[in-house]
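Protein chains in written order, with the working numbering: chain D, 8 to 335; chain L, 8 to 335. The C-beta atom is built at its ideal place from N, Cα and C for all residues, glycine as well. Have a look at the structure below, then the notes.
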DNA sequence: ACAAGCGATGACAACGTTGTCGGATGGCGG
DNA sequence: CCGCCATCCGACAACGTTGTCATCGCTTGT
């Protein structure tokens, strides 16, 4: 900026005025300054600007488990869109389900003075965020609640989805239903199981511990679990899978088998309708979830200081045929 | 930091020393300072730090077309990973295939003084980047080359992929092959078509303009194109689809039809192997693509100033059965 | 002719941090 | 008791920018 000023033969302040489009600069001066800016390829340093103005950095931090997962990438995109409407840019990172990494990344976001934080928490302890919350940093937890602090949270109706899944299967005659869930430390996983259990109770289906698994998904593990649930005297005739990853792994495993149980999966996924048979799912509008969370964040930024919200987004059973398979 | 200094009864500089772990601070002083930091919830302002030190901001900008697209989200994740290894954070944004938006977002990245830029270009003119390039900002173009400047570029072998697709289909007896591509302004789309054409020449298959469409994909358009290619006296018996989006739309459309042509799609996609019949694809390692691009970027940051590279990542035909369908 | 008013510009401080340098204190050898 | 060095610490400037206020020259009204 100094160079620009020198080249244009004006003071720093005048360059600043031109750059910021302030009134009261002579057109000919403006011209000279713009010329110099162009010639030198000058770009205003936003960091310095924000420092001086004490204004926000114009960024928000988005921490998910893994942007490569379609669920989180759609979420991230929705957030990006809302951020854009509010003139903010997005810093994104993936925690890989590691609480230490989550903490490290979140604190780095804070050091960068993001205006707000959107977090899909991996850990259960969020005390480290207390100073920032106290300092007025808006934080919205998405998809899972914070462990030990009260804060804005946007969730999906995992419980209701679990119930729905079982009721749907029961309506179609299933009485032996297995549940393949993610690790029980993950909020959504245990909530969905809770819903599954309640669904069983409501439908009068026996809840059988032996047909339930809760663990981080991997191909071998899934194969083993499926053998346990299906290759037995009283096999499961239907399957509820706890998230998109598990559903896909299970389907891949089931493809090797001659007889496929009915499947209802949590989370919709592309091509679910084109599989044979198509896969019924408990789906939610991921984009709307991200949008709702981001809008809550920006409402806070705009000054909304009502008590912390807890928003529950609805889920929907999308019946596609596989859930309707009669038990054989 | 002022408050911390006051509370600990030391000077600003001493707080700075403690925060940066500099040697030569009395343990008891360090203790007092750390106590004050904890009590006040102080976090060093990275922006101010970088400004003062004249050091980098520790961020890189990643601009894709749409993070929600699995291709770009996997790419982004790979970049995140490399960035993390180099202690950088990622600013991400989506251009939505709009050149103006691309420019706007890239320039905002520049204003934020990112250390480097990874761009999937939407536009064809990148003159606006000349000042930054000249100033030494490393920029790597990914998946598509820059329009009118020379810069580091990491591409996939679109041409070779097109050739492979046709040769594969021809080997299985197909002589009428349609090509469904994206808008011809998109580099990958036109390169893939070029490969398709060359493949036809090599395989001795007639290249029929009437079986080729190049346009931004949408369900209705795809349906129409498929009718044109399939409902005719000399219908196409096979189909090459130009990217993951088009493949999925085409498959969805073909599901309504009793007889499905052989399909070879560009880009692998989840569940391609579980469809009936499974879909053969020209695939590449998206994660490796992102990794290569990011590593090139960090090599530049580390001082590599060799002439601009152009890296071409290999593609692979993954035959899954659908391509092998005999023409009927 | 003169004060007041206005338009255009510049000098300076400040944002939060760190690098440089110099000052204070205390221990130790001579 | 002096000088010297090591250790610990603080004053100050600077990074690139903008807000505040002052300055300068010119026009306008009387």
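Inter-residue distance for residue 196(D) and residue 187(D) is about 9 Å (C-alpha atoms, whole angstroms). Chain-order list of chain L residues neighbouring residue 308(D): empty, with the shortest C-beta distance near 18 Å, by a criterion of under 9 Å. For residue 78(D), the enclosing alpha helix (DSSP H) has its first and last residue at 77-92.
Taking 7 Å as the Cβ-Cβ cut-off, the stretch 247-266 of chain D approaches chain L at 255, 258, 259 and 262, given in chain order. Around residue 26(L), the same chain offers 51 as residues with beta carbons nearer than 6 Å, after the five sequence neighbours per side are excluded.
For the options 61(D), 145(D) and 323(D), the alpha carbon positioned closest to that of residue 116(D) is the one of 145(D). Just so you know, the alpha carbons of residue 327(D) and residue 259(L) end up roughly 14 Å apart. When only Cα atoms are considered, residue 302(L) and residue 93(L) end up about 10 Å apart. Under the three-state reduction of DSSP, residue 220(D) is assigned to strand.
Contact with chain L is found for residue 52(D), since one of that chain's Cβ atoms lies less than 9 Å from the residue's Cβ. Collapsing the DSSP output to three states places residue 113(D) in a helix.
No Cβ-Cβ contact shorter than 9 Å links residue 246(L) with residue 224(L).
Taking 9 Å as the cut-off, the beta carbon of residue 161(D) is found no closer than this to the beta carbon of residue 322(D).
Identification of residues in the stretch 125-151 of chain L having a C-beta nearer than 9 Å to some C-beta of chain D yields 137, 138, 139, 141 and 142, given in sequence order. A buried status is given to residue 99(L), since no fewer than 16 other beta-carbon atoms sit within 10 Å of its beta-carbon. No Cβ-Cβ contact shorter than 9 Å links residue 154(L) with residue 202(L).
In the DSSP assignment, residue 293(D) falls within the unbroken alpha helix (DSSP H) covering 293-308. Only those residues of the stretch 58-76 of chain D whose C-beta falls short of 7 Å from the nearest C-beta of chain L are listed: 58, 64, 73, 74 and 75. A straight line joining the alpha-carbon of residue 143(L) with that of residue 135(D) spans about 38 Å. Put simply, the CB of residue 110(D) is far from chain L, with every gap to its CB atoms at 9 Å or more. Cβ contact annotation for residue 325(D) (same chain, cutoff 7 Å, sequence separation greater than five): 275, 287, 288 and 290, in chain order. Per the DSSP secondary-structure output, residue 148(L) pairs in a beta bridge with 126(L) and 160(L). Using a Cβ distance threshold of 9 Å, residue 294(D) and residue 158(D) do not count as a contacting pair.
In the structure shown, residue 265(L) falls within a coil segment according to DSSP collapsed to helix, strand and coil.
Taking C-beta atoms under 8 Å as the contact rule, residue 191(L) and residue 221(L) qualify, at a distance of about 4 Å. Using a C-beta cut-off of 8 Å, the stretch 8-18 of chain L makes no contact with the stretch 308-319 of chain D, since fewer than three inter-stretch Cβ pairs fall below that distance. Taking a Cβ-Cβ cut-off of 7 Å, residue 327(D) has no neighbours in chain L, whose nearest Cβ is about 12 Å from it. Contact between residue 296(L) and residue 124(L) is ruled out by a C-beta separation of about 16 Å, above the 8 Å threshold. Taking the Cα positions, residue 28(D) is about 24 Å away from residue 58(L).
Excluding the 5 residues flanking it on each side, residue 205(L) has same chain C-beta neighbours closer than 6 Å at 170, in chain order. Within the DSSP secondary-structure output, residue 273(L) pairs in a beta bridge with 289(L). Legend: CB atoms of the stretch 80-113 of chain D lying less than 7 Å from CB atoms of chain L belong to residues 80, 81, 83, 84, 87, 96, 97, 98, 99, 100 and 101.
With respect to residue 141(D), residue 310(L) sits apart: the two C-beta atoms are not nearer than 9 Å. Residue 69(L) and residue 252(D) have their C-alpha atoms spaced approximately 26 Å apart. DSSP links residue 323(L) through a beta bridge to 290(L). For residue 186(D), the beta-bridge partners assigned by DSSP are 219(D) and 247(D).
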